[in-house]
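Here the first sequence is numbered in the numbering used here, starting from 616 and rising by one per residue.
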Amino acid sequence: MVTAKHEKRDKHFGEWFRQMLMDAEILDYRYPIKGCGVWLPYGFKIRKHVTQLLRNLHDAKGHDEVQFPILVTEANIRKEATHIKDFENELFWVTHGGSKPLELRYALRPTSETAMYPMFELWIRNHGDLPMKLYQIGSVFRYETKTTRPIIRVREVSTFKEAHTCHANLDNAETQIQEAIQIYKDFFDACGISYTISRRPDWDKFPGSLYSIAFDVLMPDGRTLQSGTVHNLGQNFSKAFNIKYETLEGNHEFVWQTCYGISERGIAALIAIHGDDNGIVLVPKHAPLQIIIIPIPHKESGTAILEVCSHIAAEMRSLGLRVKVDTRDDLTPGAKFFYWETRGVPIRIEIGPKDLQKDQAIIVRRDTFKKEAYKTVDLKTRLPQIIDQMTIDMRNKAWKWLQTRIFQVDNLQEANELLKKRAGIIEIPWCGEEACGHELEEHVKAKVLGTPVDSPKKIEGQCAMCSKEATSLVRVAVAY
RNA sequence: CGGGGUGUGGUCAAGUGGUAAGGUACAUGAUUUGGAUUCAUGGGACGGGGGUUCGAUUCCCUCCACCCCGACCA
């Protein structure tokens, strides 16, 4: 009997991940430009479900979807000083129109604040225009590093969902931050992805923000992937872009802003967290195909088997499930098992001559490979249950795994040893001083993720660096 | 951006200063079908540009792309 193995995934994660993208036909990264990849039909369908989930979550909280241009004027991109300072070295520039050099060059947006906010200035007139909550899903471009990795570190982020909100005061902006965090929690929970939420240290916050809160996903190789961020921008950008509103009293005030983003890294996390050595494993919600029915042909009863298969398929479809019967006659059933396992189809139904006799079907779960026989008449009620249970089990498994990879230590040596072997996320007492944070990063050669937001723990003891009284735990991990 | 490595059909991979094995995938036809059935037949490759040479896939330079380490970064 087949069981789920994670040997290759855990020991050679990079190689495994690339293999998955190609084998499961998610993304072809052989495009001739560094850091760019092509979403394949199957991968694009997964992407569509994921982006639709994001749309639903944002729409439900009163956000409106928009689409801004990719080109940004140089003047605008330079308006907020700290912002441009951080992005300067990562910009792609458009310098020519046809064969003529442009007098004013354009940048490809590395994120869309500087594309959107000049328009916000025009749109926002008075308190009635607030709050304004917009989002878009599109591409941003960053020319930043030699070490690109498909989906995980790219030069064209092709699935960048970014939301931008404007508010009348800081309190409302803070409330929005909480709503954003909840949206992202809902998102990752629906995907069955485990995560930590940390408040980034000041030296690592989004350029131009008051503070940043990040969702980090621990990958099987022990490195964290920053997969979602929520920023409180304060009035930094509204002052730079002159976004003002008229109050009830007739005064003109700068708006308070937030922004929060999530990218295709969410899909990378989805693949990495649930996948095994046989392929990817999709949460039923996002699977382009949720049930694959594989007939086991037989000389005499072959036609009858196919009839039962299509009957079951029709029944599943009437439940709103995405289902398909694999009728290809040039492949053996075994070959089909492998084919659909690679692509992560959550449920497999096998129907052969034996099952026909007993009026039953064999149900196999992709995550556990658990095989069970059910009466054909019961499928209609049992399959939705199995799918729900599978979703819950996958999420629980992800969280359970994460818990085993978070370590609380009180000294640098222990932290260093754990991080050296990429054990996971380390939590260590910290006084909150930047100098100690940098010392920590240098000592363990890893990145400070920040202080816990999800489970603020009471902390007694001393800063592992300076021995002063610790004010909080700080998380540190080797990051992507 | 610094250091190192690698580019041979879709993919994996031998080999050569005189145009190139094999596996797998693909196509066609048979045969099989409860975990990748077997056989036959077929098409398809030396990353781009420049140089050395009678001749370059092979040697040199360069560009592009990929991989590893570091820096930077979501």
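Using N, Cα and C, we set each Cβ at its ideal position, and we do this for glycine too.
Practice item. Mark E1119 as exposed unless 16 or more other C-beta atoms lie within 10 angstroms of its C-beta, in which case mark it buried. Key: With the chain covering 616 to 1095 only, the question about residue 1119 has no answer from this structure.
Exercise for review: Answer yes or no: do G823 and F802 have a C-beta to C-beta separation smaller than 7 angstroms?
Suggested key: No, these two residues do not count as a Cβ contact at 7 angstroms.
**Study point:** Sequence-distant residues of the same chain with beta carbon closer than 7 angstroms to A675, five excluded per side
**Key:** Around A675: no qualifying Cβ.
Practice item. Name the residue from P999, V870 and R943 whose alpha carbon lies nearest to the alpha carbon of R932. Key: Out of P999, V870 and R943, P999 has the C-alpha closest to the C-alpha of R932.
**Study point:** contact_flag[the segment 666-675, the segment 790-809] where n(CB pairs < 8 angstroms) is 3 or more
**Key:** As far as the Cβ criterion goes, the segment 666-675 touches the segment 790-809, which means the pair count is three or higher.
Review point. S933 by DSSP, collapsed to three states: which one?
Key: Collapsing the DSSP output to three states places S933 in a helix.
Review point. In angstroms, rounded to a whole number, what distance separates the CA positions of L785 and W654?
Key: Going from the Cα of L785 to the Cα of W654 covers about 40 angstroms.
Review point. Taking the C-alpha atoms as reference points, what is the distance between F683 and T839?
Key: Rounded to the nearest angstrom, the two C-alpha atoms are 31 angstroms apart.
Practice item. Please state whether DSSP places K900 in a helix, a strand or coil. Key: Three-state result, K900: helix.
Practice item. Kindly confirm or deny that the segment 1043-1054 and the segment 1079-1089 touch, where touching means at least three C-beta pairs closer than 8 angstroms. Key: As far as the Cβ criterion goes, the segment 1043-1054 touches the segment 1079-1089, which means the pair count is three or higher.
Point to revise | Delimiting residues of the alpha helix (DSSP H) encompassing S853 | key: Note, S853: alpha helix (DSSP H), N851 to A855.
Review point. In terms of residues, what are the limits of the beta strand (DSSP E) holding M747?
Key: Counting along the chain, the beta strand (DSSP E) containing M747 begins and ends at M747 to F756.
Review point. Identify the residues that DSSP records as bridge partners of S813: which are they?
Key: Looking at the DSSP assignment, S813 forms a beta bridge with A829 and P1067.
Exercise for review: With a threshold of 16 other CB atoms inside 10 Å of the CB of T1006, please say whether the residue is buried or exposed.
Suggested key: The residue in question, T1006, is buried, as its Cβ has 16 or more Cβ neighbours within 10 Å.
Exercise for review: Please work out which residues of its chain come closer than 7 angstroms, Cβ to Cβ, to G658, disregarding the five sequence neighbours upstream and downstream, and give them in chain order.
Suggested key: Only E640, I641 and L642 meet the Cβ criterion.
Check your understanding: If you follow the alpha helix (DSSP H) that P912 is part of, which residue opens it and which one closes it?
Key -> In the DSSP annotation of this structure, P912 is not part of any alpha helix (DSSP H), being labelled neither H nor E.
Review point. Which residues share a DSSP beta bridge with Q1023?
Key: Beta-bridge pairing links Q1023 to E1042.
Review point. Roughly how many angstroms lie between the CA atoms of T873 and I685, to the nearest whole one?
Key: So the two alpha carbons sit approximately 20 angstroms from each other.
Review point. Three or more beta-carbon pairs under 8 angstroms between the segment 893-904 and the segment 948-960, yes or no?
Key: Segments in contact, yes.
Check your understanding: What three-state label does DSSP hand E1084 in the structure shown?
Key -> When DSSP states are grouped into helix, strand and coil, E1084 belongs to the strand group.
Practice item. Could I get the ranges of all uninterrupted alpha helix (DSSP H) runs contained in the segment 759-811, with 4 residues as the minimum, in chain order? Key: With a minimum length of 4 residues, the continuous alpha helix (DSSP H) runs that stay inside the segment 759-811 are 785-806.
Point to revise | Length of the line joining the Cα atoms of A722 and T688 | key: When rounded, the distance between both Cα atoms is 6 angstroms.
Practice item. With a threshold of 6 angstroms, establish whether the CB of V979 neighbours any heavy atom of the ligand FMN. Key: Only the bare structure without any ligand can be found here, which leaves the ligand FMN out of the picture.
Check your understanding: Would a C-beta distance cut-off of 7 angstroms place R997 and Y989 closer than the cut-off?
Key -> Yes; because the gap between Cβ atoms is below 7 angstroms, this pair is in contact.
Exercise for review: Could you say if the segment 843-859 and the segment 814-828 meet the contact criterion of at least three C-beta pairs nearer than 8 angstroms?
Suggested key: By the C-beta criterion, the segment 843-859 is judged to be in contact with the segment 814-828, since at least 3 inter-stretch pairs fall below 8 angstroms.
Review point. Hey, P1044 and G1076: beta-carbon distance below 7 angstroms or not?
Key: It is a contact, given that the beta carbons lie within the stated cut-off.
Check your understanding: DSSP puts L642 in a beta bridge; with which residues?
Key -> Partner(s): W654.
Point to revise | Cut-off 8 angstroms between Cβ atoms - residues of its own chain near W818, not counting five sequence neighbours on either side | key: Excluding sequence neighbours, W818 sits near E1049, G1052 and H1053.
Review point. Quick one, which of P816, K700, S878 and T862 has its alpha-carbon nearest I767's?
Key: That would be S878, whose Cα lies nearest to the Cα of I767.
Practice item. Report the rounded CA-to-CA distance for I964 versus E771, giving the unit in angstroms. Key: So the alpha carbons of these two residues sit roughly 39 angstroms apart.
Check your understanding: Since K1007 is in the alpha helix (DSSP H), which residue starts that stretch and which ends it?
Key -> In the sequence as displayed, the identity of residue 1007 is Ile instead of Lys. Going by DSSP, I1007 is part of the alpha helix (DSSP H) stretching over L994 to Q1018.
Review point. With which residues is W631 paired in a DSSP beta bridge?
Key: Its beta-bridge partners do not exist; DSSP assigns none.
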